[in-house]
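>
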Amino acid sequence: MSGMAANATAESVKSALRAQHIETPSWAYGNSGTRFKVFAQEGVPRNAYEKVDDAALVHKLTGVAPSVALHIPWDKVDDYADLAAHAKDAGIALGAINPNVFQEDDYRLGSVCNPDPAIREKALAHLLECVDIMDATGSSILSLWFADGLNYPGQDSLRARQDRLAEALTATYERLGADQRMLVEYKFFEPAFYATDIPDWGTSYAHCVTLGERAQVLVDTGHHAPGTNIEFIVAFLLRQGKLGGFHFNSRFYADDDLMVGAADPFQLFRIMHEIVQAGALDAAANVAFMLDQCHNLEPKVPAMVRSIMNVQEATAKALLVDSDALAAAQRDGDVLGSNAVLMDAYNTDVRPLLREVREDLGIDPDPIAAYRASGHAERVREERKGGQAAGWGA
């Protein structure tokens with residue numbers, strides 16, 4: 029195709045794209061909103077089983093989303109092995125398990141960093157419960173995010189809270205099985221306004237280094253201050269063997285959880301370029317590509333499909349970068365030439381290539397059109413009447 033890198037072939041690029049896996053989040057299929065309002069939609073899932081069904085449809089439409097992450101207790105069920113069997117029957121697997129230690133009144137002053145030892149014990153018990161759930165579902169990733177932090181100077185000891193955090197992380201790490209790993213997410217603000225206990229990649233990285241090789245950093249692309257060079261963080265963590273995975277989403281100002289690639293598709297391309305250059309797109313690199321989005325206004329399933337397509341397009345462009353030409357320009361100190369190599373790939377229209385990839389996978393080359401033709405939205409509006417729609421707090 030036009031713009032193909034000299035050291036890449038159409039088939040090698042297509043092969044990499046066919047092998048790419050992008051995990052979807054169960055919570056993206058339920059009702060969500062902002063801190064001001066949760067907007068209800070007709071036909072959203074009422075339980076974890078129906079969320080799995082929608083995730084399975086997204087995989088059927090895209091061919092590259094073979095697993096769905098769970099959030100506990102939002103996705104609490106009586107029998108997790110049965111839920112895993114339901115997912116398998118639907119053609120997907122249960123993926124990362126995400127504990128929730130931020131929505132209960134007890135966690136007003138934090139969870140694992142709380143000054144009250146009884147509340148810390150409660151939070152740790154939930155983390156360990158989630159490892160038990162991993163055992164039942166066959167999940168290999170425990171995805172940790174803590175809302176813990178302070179609103180005012182002097183409210184609590186910053187150092188003591190790090191000690192409490194380390195104690196909880198250590199206890200959880202020691203409970204993991206040999207084939208399980210812990211990904212530690214960070215966020216520079218919200219809901220704490222003065223200090224967050226894991227505010228940046230460096231804090232997460234330091235704890236993960238202390239814990240061991242099965243603890244890695246989780247990069248949420250929306251959890252950074254404006255202007256942060258996320259691809260530098262990605263490159264550094266890859267070099268250290270500590271990039272565990274991504275929570276892909278997009279934001280304009282704060283953590284908006286918009287569709288990945290919506291705010292800055294060039295940034296997404298730059299991130300994927302670092303992944304490709306490091307060989308981390310290969311499954312052996314063990315980098316988890318996961319979406320973390322809450323679709324407040326847009327319909328759930330097509331928004332998820334579009335998000336996956338956005339990641340695919342950024343990945344395809346990254347695969348088209350002529351790495352030989354780039355390396356030569358960099359060796360020669362050719363500033364403009366180096367940048368031009370990246371821009372040539374970024375400006376390539378990869379949609380025809382991705383249509384070919386989907387045809388190779390035996391699916392419709394236009395996933396959005398296929399969704400509209402499926403009648404899914406109309407069907408679930410009827411089938412899912414009654415009961416309590418899933419959503420925040422469900």
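If you're matching positions, the sequence shown starts at 29 in this note's numbering and goes up one per residue.
Built from N, CA and C at the ideal position, the CB exists for glycine as well.
Quick check for students: name the residue ranges of the beta strand (DSSP E) that lie wholly in the region 150-180, counting only runs of 3 or more.
169-172
> Short check: CB of residue 370 to CB of residue 67, under 8 Å?
no
> Taking only runs of the alpha helix (DSSP H) that begin and end inside the region 106-143, which ones reach a length of at least 4 residues, in chain order?
Taking only runs of at least 4 residues, the alpha helix (DSSP H) segments lying wholly in the region 106-143 are 108-118.
> Tell me the start and end of each unbroken alpha helix (DSSP H) in the region 184-237 that is at least 4 residues and wholly inside, in chain order.
The region 184-237 contains these whole alpha helix (DSSP H) runs: 186-203.
> Less than 8 Å between the beta carbons of residue 113 and residue 121, yes or no?
no
> Specify the secondary structure class of residue 391 as computed by DSSP and reduced to three states.
Here residue 391 carries a coil assignment [DSSP, helix/strand/coil].
> To the nearest angstrom, how far is the alpha carbon of residue 201 from that of residue 78?
31 Å
> Pick from 247, 255, 280 and 276: whose alpha carbon is nearest that of residue 265?
247
> Which first and last residues belong to the beta strand (DSSP E) in which residue 371 is found?
Residue 371 -> not in any beta strand (DSSP E); alpha helix (DSSP H) instead, spanning 363-374.
> Counting along the chain, where does the alpha helix (DSSP H) carrying residue 311 start and finish?
No alpha helix (DSSP H) contains residue 311, which DSSP labels as neither H nor E.
> What's the C-alpha gap between residue 267 and residue 312?
Straight across, the Cα-Cα distance linking residue 267 with residue 312 is about 15 Å.
> Going by the DSSP bridge assignment, what does residue 278 pair with across the sheet?
In the DSSP output, where bridge partners are listed per residue, residue 278 has 286.
> What does DSSP give as the partner residues of residue 396 in its beta bridges?
Beta-bridge pairing links residue 396 to no other residue.
> Smallest Cα separation from residue 42: which of 389, 415, 398 and 405?
Nearest neighbour of residue 42 by Cα position, chosen from 389, 415, 398 and 405, turns out to be 389.
> Hey, residue 273 and residue 172 are a contact pair by Cβ (cut 8 Å); roughly how many whole angstroms apart?
Wrong, their Cβ atoms sit about 12 Å apart, outside the cutoff.
> Would you kindly report the start and end of the unbroken alpha helix (DSSP H) that includes residue 43?
Segment 38-47, the alpha helix (DSSP H) holding residue 43.
> How should residue 250 be labelled, buried or exposed, when 16 other C-beta atoms within 10 angstroms of its C-beta is the threshold for buried?
buried
> Does the distance from the CB of residue 294 to the CB of residue 374 come in under 8 Å?
Yes, the Cβ-Cβ distance between residue 294 and residue 374 is below 8 Å.
> Within 10 angstroms of its Cβ, does residue 193 collect 16 or more other Cβ (buried), or is it exposed?
buried
> According to DSSP, what are the bridge partners of residue 419?
59
> Please state the DSSP three-state secondary structure of residue 64.
The answer is coil: DSSP assigns residue 64 none of H, G, I, E or B.
> DSSP three-state label for residue 343, please.
Here residue 343 sits in helix by DSSP.
> Among the residues of its own chain, which have a CB less than 8 Å from the CB of residue 152, if the five just before and after it don't count?
140, 196, 199 and 200
> Does the Cβ of residue 40 have 16 or more other Cβ atoms within 10 Å, making it buried, or fewer, making it exposed?
exposed
> Which residue or residues does DSSP assign as beta-bridge partners of residue 52?
Per DSSP, 96.
> Rounded to a whole number of angstroms, what is the C-alpha to C-alpha distance between residue 188 and residue 224?
13 Å
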